[in-house]
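Trainee:
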Amino acid sequence: MCGRYATFGPVSLSREAKTVLDQLELDIVSEINQREDQFNIAPTQKALVIASGEHGYEIKPLRWGLIPIWAKDEKIGAKTINARAETVATKPAFRAAFKKRRCLVPASGYFEWKGEPGSKQPYFIHDPGGHLLMFAGLWEAWRPEEGEEWVKTFTIITGEPGKVSGDIHDRQPVIIPPDLWGVWCDGMPEEAASVLEVVPEAELAYYPVPKAVGSPRNKGPDLVQPITI
């Protein structure tokens, strides 16, 4: 599960990521650096996603917690912050979005907790070189009643952990490498399904952070600073 993550500047990109973003004509670095840093993104909050739009790829803020178009109310969004890679193509809440509305979720890293209930220690899991990560995601548009404003939401897809992140948790966000960004966002559903099956293990590192990150009310940069335990 991924229930908390962070996106903040200054943004660092791998050489491969820079090349692909130039090809897609996307300036994600400026978008993130010019926005207020988000050190503790929690469900129901808005965060940036990258998706295909009418005029090519677009970077836009959506609400975390996907609301299927058929939902009667928005409460379901609290249960759909994550979608399992193994079932995302067939699960009713996600299958329509999987066919046509796949996206990338930029992140500086994400948080997971380890330990016994009541004394769990949070860790910040990130690229060891400080480069921006791209999580596999889906987005959807929903509105309560005909004529009301559309609510656009997203979910983060999770899969089996890698060797490093597996020390902390038994799931992790699916991290899409730059060479597969286009296929993930614009490929046919069967191509996207293949991406989830063949995506290589991302190189990650982690360190302990303050327990204050457990409250979404806390938003300061200290939440992503390492501590000694």
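Under UniProt numbering, think of the first position of the sequence shown as 1, with each following residue one higher. Think of the CB as a built atom: it goes at the ideal place given N, C-alpha and C, for glycine as much as any other residue. A quick note: this is a predicted structure, and the numbers were derived from the prediction, not measured.
1) CA-CA distance, Leu-48 and Leu-104?
2) When you compare the segment 200-218 with the segment 128-137, are there three or more beta-carbon pairs, one atom per stretch, that lie closer than 8 Å?
3) Using only the alpha-carbon positions, how far apart do Leu-24 and Pro-189 sit?
4) For Pro-122 and Gly-137, I'd like the C-alpha separation in whole angstroms.
5) I'd like to know whether the C-beta atoms of Leu-180 and Val-195 end up nearer to each other than 8 Å.
6) Could you check which residue in Gly-56, Ala-78, Ala-71 has the C-alpha nearest to that of Arg-63?
7) Run through the DSSP bridge pairs and tell me what Ala-107 is partnered with.
8) Can you list, in chain order, the residues of its chain whose CB lies under 8 Å from that of residue 230, leaving out five sequence neighbours each side?
9) Counting only runs of 4+ residues fully inside the segment 202-226, write out the alpha helix (DSSP H) ranges in chain order.
10) Verify whether the separation of the beta carbon atoms of Lys-46 and Pro-61 is less than 8 Å.
11) For residue 255, which option in Glu-140, Lys-219, Tyr-206, Ala-212 has the closest C-alpha, if you only look at C-alpha atoms?
12) Over the uninterrupted beta strand (DSSP E) stretch that includes Thr-87, give me the two end residues.
13) Roughly how many angstroms separate the alpha carbons of Asn-33 and Ala-96, rounded to a whole number?
14) Under a three-way DSSP split, which group does Thr-19 fall into?
15) Per DSSP, what are the beta-bridge partners of Trp-139 in this structure?
16) Would DSSP call Phe-124 helix, strand or coil?
17) So, is residue 289 buried or exposed, given that buried needs 16 or more other C-beta atoms within 10 angstroms?
Mentor: A quick look at the data gives this:
1) Distance between the alpha carbons of Leu-48 and Leu-104 is about 9 Å.
2) Judged by Cβ distances under 8 Å, the segment 200-218 makes contact with the segment 128-137, as three or more pairs qualify.
3) Looking at the two C-alpha atoms, the distance is approximately 20 Å.
4) Pro-122 and Gly-137: Cα-Cα distance of roughly 23 Å.
5) A contact, by the Cβ cut-off of 8 Å.
6) In terms of CA proximity to Arg-63, Ala-78 leads the group Gly-56, Ala-78, Ala-71.
7) Ala-107 pairs with Leu-133.
8) No answer is possible for residue 230: the residues shown for the chain start at 1 and end at 229.
9) No alpha helix (DSSP H) of 4 residues or more sits fully in the segment 202-226.
10) Closer than 8 Å, so yes.
11) Examination of residue 255 is not possible in this model, given that the chain is present from 1 through 229 alone.
12) From DSSP, Thr-87 is part of no beta strand (DSSP E); its letter is neither H nor E.
13) Cα to Cα, Asn-33 sits roughly 33 Å from Ala-96.
14) Helix at Thr-19.
15) Answer by DSSP bridge pairing, in chain order: Phe-154.
16) Correct three-state label for Phe-124: strand.
17) No statement about residue 289 is possible, as the shown extent of the chain runs from 1 to 229 and does not include it.
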